[in-house]
Amino acid sequence: MQLAFFYFFSGLSILSALFVIFFRNTLSAAIALVVTLFGVACLFGLLEAHFLAAMQVLVYAGAVMVLFLFVIMLMNLGREELLKIKLAFLGIIGVITGVCLAILLVTRFMGLSAPLLSLDLGVEYGTVKSVGKLLFGEYLIPFELTSILLLVAIIGAITLARKPQS
Amino acid sequence: MILLSHYIVVSAILFSIGVIGVLCRRNALVIFMSVEIMLNAANLAFIAFAREHGGMEGQTIAFFVMALAAAEVAVGLGIIMAVFKKQGTIDLAKINFLKG
Amino acid sequence: MQNLLLGIPISTVVFLIPLLPFLGACFNGLVALMCRSGKAPVPKPLVTLVAVMMPVLAFALTVWLFFFAKDPATGFTTPPLWNWIAVDDFIAGISFKIDRLSLVMGLIITGVGSLIHIYSTGYMSHDAGYARYFTFLNLFLFAMLILVFAGNLPLMFVGWEGVGMCSYFLIGFWFEDPQKASAGKKAFIVNRVGDFGFLLAMFLIYKTLSQKGLTPGLGFLSFDTLERFRGDLFLVATPICLLLFVGAMGKSAQIPLYVWLPDAMAGPTPVSALIHAATMVTAGVYMIARLHFLYTLSPVAMEFVATIGVSTALFAALIAVVQSDIKKVLAYSTVSQLGFMFYAVGVGSFSAGIFHLMTHAFFKACLFLGSGSVIHGLHGEQNVWKMGGLKSKMPITAWTFGLSVLAIAGMFPFAGFFSKDAILFHGYVLGPRVLWVMGFLTAGLTAFYMTRVFALTFLGQPRDHHLHDHAHESPFSMTFALIVLAILAVVGGWVGVPESLHGNDLFFRWFAPLFPYQEFYEKIEHAGRGTELTLSFVTLLWAFHCALLAFVLYSQKLNIAKNLALKCPRVHQLLENKFYVDEIYQTLIVNPLGWVSDKVLWKFTDQKVIDSLFVEGTAQTMSLAGRTLSLLQSGAVQMYAILFAIGGLLLIAYFVL
């Protein structure tokens, strides 16, 4: 059962990821990305990371994607801006590089005599409570720094987005 | 049976797709999306390893990566907007501020 | 024995002697710098006071040291003021060697130096570089005193170089004149050749001694150490002494490095008197006398010194006979007299060498200052053929000059007689006969050319009436020095009246403990007083006749002298052009060096190799590399991303595969 879910969601996310990079229309690519992120969120769920799966949907598929769509709408790209994928020389090299990378990594990890994911886990594994304990306990300082990072990002985004004062 | 390597292979494939997207596409927004795919691939690997290990640290790091991705998207999209305002395009082939 | 002055131990007081002129130099240097822009007038009375007071004080201290602080005959070495160099076992401290030799030298330097400072206040009174002049003059005294009092070879070398530097400054004092500036350079460069030998000798001594595993307290190069371990230097004594003598050749203007001294007359005349006659040029003689214990180890080196010395003496005397520039005559005369001193030390008679050094300092300084007075009175004229009959116009100068001429000519009982007599006698007894004959000839020639100069300048009829009419006697500050030096030129030799003339040979007895060579004294004793008396009589007669001949020729029968020159033009030309030595050096050394410097070092090495290949080549390589690499800077971000990805891929491949 789990295996079927795994193949379904991983196939879904890989396929939609391919759509992301091959769709000519930016908007379509964005929608495909949502699907990818959703698929990955389900994979998180399969890995017992329920909190993160929820976060993935909320932050990524929610907030981040909204930002993307917002920008796409704002730009209101004309027809000519819907760029064709021109497989120029650079593009070919890029594809070759990416494929090489994929082959390299996949062959490496396929050959791995990987252990089973059958470890007996506690009931609390992956819950909000346990993740929260870690975040506010052991990783408090990185967590607080993350908030500063977000603050800086907000200020940066505002600075970039406002009209330049003449 | 799901093995750890299954997840890692999926992560690797997603990452490679992201790389191809970054290298081939000229649309700055799509490139950005590809970067998101790469980040997600990395997150997947983190969580898979955490699951195998039985610890929660991997999930914590994935959480931080998400926060970072959010920040990055905010700033990155701001930059793309600014470039678009200035140049009227987001085609990277037409943008060459960096030419020395 | 009194070892304290105002409660200060003697070993500290001696450091004051060179320090005083140094302070004077500092003060005058500051004044010269401050007045350089010409905005502020030079405070001449102050400069004069400081410049003259410092040498006089130093002289007073030296006199005090000499008379009231007598020490054991062999002297002592002061504990080092501080260690100047202390690297492993190479130690050179600022320590002074005080003995009879250095004290006599110190007296000559400070005494004659003070007189020349006084003289200079008159001679240089109208010069714009008044303060600068006294800076260098004081600095020279400082360096010279360091040279003389130094307790080890490195410190002596400091003084050695210091006097060379001051000599360079003062020869080129009027550096606006390129000829005078180049005379200074010539002196400096020729001296460098000699200094090279001095340095090599020091290295050799240090290397030899340091390999013996000795543990000297004051360093290997202090004179005390050298004297104590002279036996260990026996095998290398000859090269050491010859190398040191190369240094002496440069500094004391001996063949083949004498060429700078005649040119050095470009400097102000008091400088010629002080540096290029009385003190600095005698440094070589002093150095050999100071290192007598090394030189006596090597008969070869001694013979070489004597041969070079007496050859130089004869050679320079021949040139001096026909020179028409009054200072050039004196310059060649100095070279010649220095040759005499080297002859003396070369045959082993160190005290005679120092004796002649002292008397020479008196009469040659007087002669130079006298010539300076003449030049001053004639507003810069130096050609003796344009003078004549100046006796009536400049009586004091004429009298003092005349007395000094008698002294240098070796007339009885003037100073030169005793010293030259001692040298010739000792040379006759100790050295080869042929050298003595050359020395004997030189003595006659000396009398001849000095009388010639005197006759041409002061006697006979005035040849240039315009110059003669405007001639005037010099001010008192100048004549004072002349008078004192003339008196010294007369009586200076009386401290060394030999026993054969019923004197007590004071000078030689006094120096005897310093040069403890029994063999030497036995030989002298063995030769007997009869020989000495005969020799001095013959020499005196010979010199007297030469002088008489010159007197008659150049004061009364001038036509004969001129005809003589016309009759044998070749000889006259050869002598007048100084045996073409300068031209030979120019062809053999200067021109090839110039060619190598110009064509090989400059045009090829510097311009082609260094400038083009290294300097510009490096820049162009960088620039080319930059331009090539900048092709990658297309500004296409994805290009960068691809390169980055390929790099990452390769890294991953490296780790994974």
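Chains as they are written, first to last, in our numbering: chain A, 1275 to 1440; chain B, 30 to 129; chain C, 2 to 658. Glycine included, every Cβ here is placed at the ideal spot set by N, Cα and C. Fair warning: this is a prediction, and the values are worked out from it, not measured in the lab.
Discussion item. For chain B, check one thing: does any of its Cβ atoms lie closer than 7 angstroms to the Cβ of A:Met-1347?
Written reply: It does not; no Cβ of chain B falls within 7 angstroms.
Going by beta carbon distance, what residues of the same chain come within less than 7 angstroms of B:Ile-136, once the five residues before and after it are set aside? The shown model of chain B, from 30 to 129, leaves out residue 136 of chain B, and the question about it has no answer.
Please classify C:Leu-632 as buried or exposed, where buried requires at least 16 other C-beta atoms within 10 Å of its C-beta. With fewer than 16 Cβ atoms within 10 Å of its Cβ, C:Leu-632 is classed as exposed.
- Can the beta-carbon of C:His-377 be found less than 7 angstroms from the beta-carbon of C:Ser-223? Against a cut-off of 7 angstroms, the Cβ pair of C:Ser-223 and C:His-377 comes out as no contact.
Beta-carbon proximity check, C:Gly-390 vs C:Gly-461, cutoff 7 angstroms:
Yes, the pair counts as a contact, with Cβ atoms nearer than the cut-off.
Practice prompt. Could you tell me the distance, in whole angstroms, from the CA atom of C:Thr-401 to the CA atom of C:Val-601?
Written response: Whole-angstrom Cα-Cα distance: 54 angstroms.
Please report whether the beta-carbon of A:Ala-1431 lies at a distance below 7 angstroms from any beta-carbon of chain C.
It does not; no Cβ of chain C falls within 7 angstroms.
Mind pulling the chain A residues with CB within less than 8 angstroms of B:Ile-124? Against chain A, the beta carbon of B:Ile-124 has no neighbour under 8 angstroms; the closest one sits roughly 13 angstroms away.
If you draw a straight line from the C-alpha of C:Leu-24 to the C-alpha of C:Trp-543, how long is it? Computed Cα separation, rounded: 49 angstroms.
Using the C-alpha atoms, what's the distance from C:Leu-102 back to C:Leu-243? Rounded to whole angstroms, C:Leu-243 and C:Leu-102 show a C-alpha spacing of 22 angstroms.
Next item on the list: State buried or exposed for C:His-118, treating a residue as buried only when at least 16 other CB atoms are found within 10 Å of its CB.
Entry: Looking at its Cβ environment, which holds 16 or more other Cβ atoms inside 10 Å, C:His-118 is buried.
For C:Phe-97: DSSP bridge partner residues: BP columns for C:Phe-97 point to C:Ala-151.
Quiz item: Does any CB atom of chain A fall closer than 7 angstroms to the CB of B:Phe-93?
Solution: For B:Phe-93, at least one C-beta of chain A is nearer than 7 angstroms to its own C-beta.
- Task: Give the single residue among C:Leu-154, C:Asn-192 and C:Ile-289 whose Cα lies nearest to the Cα of C:Leu-262.
- Result: In this structure, C:Asn-192 is the residue among C:Leu-154, C:Asn-192 and C:Ile-289 with its C-alpha nearest to the C-alpha of C:Leu-262.
**Report entry** Neighbour list for B:Ala-71 in chain A, Cβ cutoff strictly below 7 angstroms
**Finding:** Identification of chain A residues near B:Ala-71 by a Cβ-Cβ cut-off of 7 angstroms yields none; the smallest Cβ-Cβ distance measures about 11 angstroms.
Closer than 8 angstroms at the beta carbon, the chain B residues around A:Ser-1302
Proximity of chain B to A:Ser-1302 at the Cβ level (cut-off 8 angstroms) is not reached, the minimal Cβ distance being about 10 angstroms.
(message) Residues in the same chain with beta-carbon distance under 6 angstroms from C:Leu-298, minus the five sequence neighbours each way, listed in chain order, please.
(response) Within the same chain, C:Leu-298 has close Cβ partners Phe-235 and Ala-238.
So is A:Ser-1404 in contact with chain E if we call contact Cβ pairs under 7 angstroms? Absent here is chain E; the protein component of the structure consists of chains A, B and C.
In angstroms, rounded to a whole number, what distance separates the CA positions of C:Ser-635 and C:Arg-628? Here the alpha carbons of C:Arg-628 and C:Ser-635 stand approximately 12 angstroms from one another.
Assign A:Thr-1433 to one of three DSSP states: helix, strand, or coil.
The three-state reading of DSSP puts A:Thr-1433 in helix, counting H, G and I together.
Checklist line | Among C:His-427, C:Asn-384 and C:Pro-19, nearest to C:Asp-465 - alpha-carbon criterion | finding: For the residues C:His-427, C:Asn-384 and C:Pro-19, the minimum Cα distance to C:Asp-465 belongs to C:Asn-384.
With a threshold of 7 angstroms between beta-carbons, can B:Met-85 be considered close to chain A, or not? For B:Met-85, the answer is yes, since a Cβ of chain A falls inside 7 angstroms of its Cβ.
Handout entry: Amino acids of chain C, ordered along the chain, whose beta-carbon sits closer than 7 angstroms to that of A:Arg-1382
Key = Per Cβ cutoff of 7 angstroms: Val-657.
Q: Would you verify that the beta carbon of A:Leu-1424 is, or is not, closer than 7 angstroms to some beta carbon of chain B?
A: Yes - at least one Cβ of chain B is within 7 angstroms of the one on A:Leu-1424.
*CA-CA distance, C:Ile-99 and C:Pro-514?*
Approximately 14 angstroms, taken between the alpha carbons.
- Message: I'd like to know whether the C-beta atoms of C:Pro-271 and C:Leu-142 end up nearer to each other than 7 angstroms.
- Response: Taking 7 angstroms as the Cβ cut-off, C:Pro-271 and C:Leu-142 do not qualify as a contacting pair.
Quick check: the stretch 358-374 of chain C against the stretch 525-536 of chain C, are at least 3 beta-carbon pairs closer than 8 angstroms?
Too few Cβ pairs lie closer than 8 angstroms, so no.
Look up C:Asn-384 in the DSSP assignment and say whether it is helix, strand or coil. In the structure shown, C:Asn-384 sits in a strand (DSSP, three-state: E or B).
Original post:
Where C:Phe-197 and C:Val-159 are concerned, what is the direct C-alpha to C-alpha distance, given to the nearest angstrom?
Top reply: Their backbone Cα atoms lie some 13 angstroms apart in a straight line.
**Item:** Per-residue burial, C:Trp-161 [other beta carbons within 10 Å of its own, 16 or more giving buried]
**Value:** With at least 16 other beta carbons inside 10 angstroms of its own, C:Trp-161 counts as buried.
When you compare only the Cα positions, how much space is there between C:Leu-567 and C:Ile-309?
Whole-angstrom Cα-Cα distance: 32 angstroms.
message = Give me the DSSP bridge partner(s) of C:Ile-92.
response = The bridge partners DSSP lists for C:Ile-92 are C:Ala-87.
Locate the alpha helix (DSSP H) running through C:Trp-511, then write down its first and last residues.
Following the DSSP letters along the chain, one finds C:Trp-511 inside the alpha helix (DSSP H) bounded by residues 507-512.
Which stretch, first to last residue, makes up the alpha helix (DSSP H) that contains C:Ser-372?
Residues 351-378.
- When DSSP labels each residue in this structure, what does C:Ser-115 get in the three-state scheme? Shown here, C:Ser-115 sits in a helix according to DSSP, grouped into three states.
Q) Assuming C:Ala-265 and C:Ile-172 make a contact with CB atoms under 8 angstroms, what is their CB distance in whole Å? A) In this structure C:Ala-265 is in contact with C:Ile-172, their Cβ atoms being roughly 5 angstroms apart against a cut-off of 8 angstroms.
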